[in-house]
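> Pasting in a structure now, in structure tokens, and then I'll have a few things to ask.
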Amino acid sequence: MAVKITDLCINCDSCIDECPATAIVSASDSPVNGDTTYVKPEKCIECADSTMPKCSDACPTEGAIVWDMPYTAEFEAHFVKGHESGLYAIREHKKNGIMFPSVSPKPFREAISIATRQAGVAVAG
Ligand code: SF4
Ligand code: SF4
């Protein structure tokens, strides 16, 4: 990832059109639970070239968007394990190789510490 949407989300969908990476889908299109707006970690680029993540700028709900681990090889187990527990939808593609972070890592903000990510600190809008 990335960033992650929590169960504080009110499903207003304000963040979806703001995402430059088309990484966010509405709850009804969520590949994991269908209850909450979902960020695809394999697409999120943390808006690394912007001042702040666009989704958090658009979000009216404090705590709905939190930091998650970088989508890099170092944290592959985090995302694969999350897939097994239904948190993420990381899967193998038949034709396009695989979307695992070790194969297709995404940009992330080095200024956001691992401790902050592990703690799931809210992304400030
Ligand atoms: S941080 Fe940026 S790329 Fe990631 S979900 Fe939010 S708007 Fe999209
Ligand atoms: S803008 Fe915030 S509250 Fe609205 S859908 Fe996105 S994460 Fe949820």
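Residue numbers (my numbering): -2 to 122.
Glycine included, every Cβ here is placed at the ideal spot set by N, Cα and C.
Any heavy atom of ligand 2 closer than 7 Å to the Cβ of A55?
Indeed, a heavy atom of ligand 2 lies less than 7 Å from the Cβ.
> Tell me which same chain residues have a C-beta within less than 6 Å of the C-beta of K40, skipping the five on either side of it?
Excluding positions up to five away in sequence, the list reads A18, A20.
> Please work out which residues of its chain come closer than 8 Å, Cβ to Cβ, to A121, disregarding the five sequence neighbours upstream and downstream, and give them in chain order.
Correct list, in chain order: M49, S53.
> At a cut-off of 7 Å, would you count D10 as near ligand 2, judging by its Cβ distance to the nearest heavy atom?
Result yes, Cβ under 7 Å from ligand 2.
> Following the continuous alpha helix (DSSP H) through V77, name the residue where it begins and the one where it ends.
Looking at the DSSP string, the run of the alpha helix (DSSP H) that includes V77 is 73 to 81.
> Would you mind stating whether M66 and H80 have Cβ atoms separated by less than 8 Å?
Cβ atoms of M66 and H80: not closer than 8 Å.
> Could you tell me which of C6, K1, C16 sits nearest to S47, measuring between CA atoms?
It is C16.
> Cβ of I95 versus every heavy atom of ligand 2: is any distance shorter than 7 Å?
False, no ligand heavy atom lies under 7 Å from that Cβ.
> Let me check understanding here. Comparing Cα to Cα, which of Q115, S23, M96, I111 lies closest to N8?
Answer by Cα proximity: S23.
> May I ask whether a heavy atom of ligand 1 can be found less than 7 Å away from the beta carbon of V118?
No.
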